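K.L.:
Quick note: the sequence shown, position 292, residue 523 per this note's numbering, numbers continuous.
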Amino acid sequence: MSAVVVIGTQWGDEGKGKIVDYLAEKADVVVRYQGGNNAGHTVVVNGNEFKLHLLPSGILYPGKTCVVGNGVVIDPAVIIEELKGMQAKGIDTSGLRISNRAHVIMPYHRLLDEVEEDYRGEYKIGTTKRGIGPCYMDKNARSGIRMVDLLDEEEFSAKLERNLEAKNHLLQAVYGVEGFDYDSVRKEYLGYAEELRPYVTDTVVVLSEAIAAGEKVLFEGAQATLLDLDHGTYPYVTSSHPIAGGACIGAGVGPSQISKVVGVVKAYTTRVGEGPFPTELQDEIGDHIRERGHEYGTTTGRPRRCGWLDACVVRYAGLVSGLNYLAITRLDILDGLKTLKLCVGYQYKGERIKEFPASLKVLAQVEPVYEELPGWEEDTSKIRSYAELPANARRYIERLSAVSGVEVGIVSVGPGRDQTIILADLF
Ligand code: GDP
Ligand code: IMO
Ligand code: MG
């Protein structure tokens with residue numbers, strides 16, 4: 232049995248898609264377990280770029296089973312478009328299995344995401360406005376619509392009617408915007424139901440059979456540790472559980488089935504959206520990293536906030552997800568910088584603090600404690616073994632590993648599959 236969970240350790244966009252795609256070669260099943268099309272995972276295969284939002288990155292290999300688990304929220308129009316886009320590029324999508332328990336994003340979720348953000352004004356979260364939060368709200372309020380309901384015309388119609396009555400009232404009376412017409416939403420969504428029907432099944436059964444047969448299962452986290460609803464920088468988080476434990480709930484597998492957890496770390500830090508970010512660089516080094524690394528959102532195109540690597544964040548991710556290995560990505564983006572700073576602790580009101588603060592007021596006021604490390608001039612993107620990396624690059628990686636307390640399993644020096652240095656056997 233081998234089941235590996237890959238998660239983001241920072242605020243997202245660490246390169247989870249690249250690492251999952253790399254590991255997927257050896258996997259039989261690849262599973263998304265939370266989030267929705269707020270995720271944007273870019274995978275580069277033979278120079279061709281694929282941007283995935285809902286489909287697991289394993290879809291790029293023929294013959295893999297790709298599961299969209301119960302913990303994912305699905306915008307049917309988006310997944311259909313993504314499927315068609317893949318098919319047009321000659322990608323075999325027959326291995327896709329969508330959970331009948333996954334919740335469906337409705338048009339009122341997307342509109343609520345917008346009007347609620349406007350209403351928050353200066354306290355806005357900076358969401359992707361894809362309806363993610365409102366859909367999870369309905370799931371928790373026990374009024375959501377699941378895939379199994381969408382496929383049942385009678386059930387769907389009844390639920391839609393009840394939900395629209397409440398949502399239209401909320402949209403009109405509280406936010407002063409137009410609601411939605413029952414007949415047109417119903418018709419639109421019943422059309423999606425027919426397109427998705429062949430893929431929808433009980434994915435818990437698919438996964439338990441795969442595990443029982445000794446198949447290799449790879450779980451693809453979306454978002455990241457500090458965007459986790461419980462463990463992230465609340466309220467500047469997403470509404471799901473990107474940490475490793477989320478894989479159990481969002482896919483319906485027991486913790487005893489998970490063999491390894493890999494945390495993806497970008498060699499520096501980025502964040503999209505609002506919220507505190509202790510190592511943020513609002514200077515020319517931050518601009519240099521953004522431009523050299525093309526740090527603009529895959530999903531929304533927003534410029535990403537950039538900063539130094541924060542080992543406190545990675546250590547915290549190690550704790551909440553029980554990380555066995557780190558996969559360090561984008562090391563090549565740091566090539567040519569004279570000096571690098573690694574955050575190894577925080578000071579608050581002149582005192583060193585040990586834990587990652589729960590209070591955002593505290594997190595916004597901490598002073599990062601930096602270690603300065605010498606950079607390297609060499610082009611690392613062509614290097615294929617750990618020993619050949621510049622000594623200063625190895626020193627930087629080893630310092631991160633020592634401070635975070637997690638062993639390094641992978642170093643990535645470019646978006647391509649071959650630009651991957653393996654230090655540990657993960658599958
Ligand atoms: P994800 O959301 O965690 O999957 O990350 P994104 O796909 O949003 O952003 C990561 C970007 O970095 C993508 O464009 C990847 O193709 C790219 N990438 C991944 N690993 C590396 C790397 O080691 N070096 C470089 N230069 N790019 C990388
Ligand atoms: P991947 O999987 C980076 C951020 C949004 C916002 C917050 C809440 O590509 O790493 P939401 O729309 O989820 O309610 O927004 O979470 N966010 C991401 N940031 N990468 C992502 O996904 C993200 N998904 C959501 O910017 O701050
Ligand atoms: Mg992304």
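Glycine residues also receive a C-beta, built at the ideal position from the N, C-alpha and C atoms.
Note that the structure is predicted; figures quoted are calculated from it, not measured.
1. Compare the beta carbon distance of Glu603 and Lys569 with 8 Å and say whether it is the shorter of the two.
2. Who are the Cβ neighbours of Leu557 in its own chain at under 6 Å, not counting the five residues just before and after it?
3. Check whether the segment 287 to 299 touches the segment 341 to 349, counting contact only when three or more Cβ pairs, one atom from each stretch, lie closer than 8 Å.
4. I need the DSSP call for His284, collapsed to helix, strand or coil.
5. Should Glu384 be labelled buried (16 or more other beta-carbon atoms within 10 Å of its own) or exposed?
6. Rounded to the nearest angstrom, what separates Gly278 and Ala389 at their Cα positions?
7. Taking DSSP as the reference, what is the three-state secondary structure of Glu348?
8. If you count every other CB in all the chains shown that lies within 10 Å of the CB of Asn394, and 16 or more means buried, which is it?
9. For the beta strand (DSSP E) that contains Glu425, what are its first and last residues?
10. With a floor of 3 residues, list each beta strand (DSSP E) that falls wholly inside the segment 461 to 544, ordered by position along the chain.
11. In angstroms, rounded to a whole number, what distance separates the CA positions of Tyr579 and Cys543?
12. To the nearest angstrom, how far is the alpha carbon of Leu381 from that of Ile442?
13. Could you spell out the range, first to last residue, of the alpha helix (DSSP H) harbouring Lys592?
14. Need the endpoints of the alpha helix (DSSP H) that Phe387 sits in, please.
15. Tell me the DSSP secondary structure of Val381 in three-state form.
16. Just to confirm, are Ile329 and Met378 a CB contact at a threshold of 8 Å?
17. Suppose the cutoff is 6 Å on Cβ atoms and the five residues either side in sequence are ignored; what does the same chain contact list for Tyr527 look like?
18. To the nearest angstrom, how far is it from the Cα of Gly481 to the Cα of Ser471?
19. Suppose you measure from the CA of Asp412 to the CA of Pro429; what does that come to, to the nearest Å?
20. Grab me the residues of Leu314's own chain with a C-beta within less than 6 Å of its C-beta, minus the 5 sequence neighbours each way, in chain order.
21. Contact check, Gly538 vs Thr510 under 8 Å by CB: the rounded distance?
22. Count the other CB atoms, across all protein chains shown, that sit within 10 Å of the CB of Pro588; report buried if there are 16 or more and exposed otherwise.
23. Please return the same chain residues whose Cβ sits closer than 8 Å to the Cβ of Ser490, not counting the five positions on each side in sequence.
24. With respect to 7 Å, is the separation between the Cβ of Gly532 and the closest non-hydrogen atom of the ligand MG below this value?
25. Go to Thr560, then tell me how far its beta strand (DSSP E) extends in each direction, as first and last residue.
26. What number of angstroms, rounded off, separates the C-alpha of Asn623 from the C-alpha of Glu608?
27. For Lys247, is the beta carbon positioned less than 7 Å from some heavy atom of the ligand GDP?
28. CA-CA distance, Leu620 and Val642?
29. How far does the alpha helix (DSSP H) with Ala333 in it extend, from its first residue to its last?
30. For Asp649, does the count of other Cβ atoms within 10 angstroms reach 16, so buried, or fall short, so exposed?
31. Could you tell me the alpha carbon to alpha carbon distance between Pro338 and Thr501, rounded to whole angstroms?
32. Which of the three DSSP states is assigned to Val644 in this structure?
33. Ala548: beta carbon under 7 Å from a heavy atom of the ligand MG?
34. Going by DSSP in three states, Tyr292 sits in which element: helix, strand or coil?
35. Measure how close the beta-carbons of Gly504 and Thr273 come, nearest whole angstrom, since I'm counting them as under 8 Å.
36. Can you tell me whether DSSP reads Arg546 as helix, strand or coil?
P.N.:
From the atom records:
1. no
2. Gly494, Val496, Val637, Val639
3. no
4. coil
5. exposed
6. 48 Å
7. helix
8. buried
9. No beta strand (DSSP E) contains Glu425, which is instead part of the alpha helix (DSSP H) from 413 to 427.
10. 491 to 497, 500 to 502, 536 to 538
11. 14 Å
12. 28 Å
13. 591 to 596
14. 384 to 400
15. Position check: residue 381 holds Leu in this sequence, whereas Val was assumed. Helix.
16. yes
17. Pro534
18. 9 Å
19. 28 Å
20. Thr324
21. 4 Å
22. buried
23. Met232, Ser233, Ala234, Val235
24. no
25. 556 to 560
26. 10 Å
27. yes
28. 10 Å
29. First-last for Ala333: undefined, no H or E at that position.
30. exposed
31. 30 Å
32. coil
33. no
34. coil
35. Contact flag wrong, Cβ pair sits at about 18 Å.
36. helix
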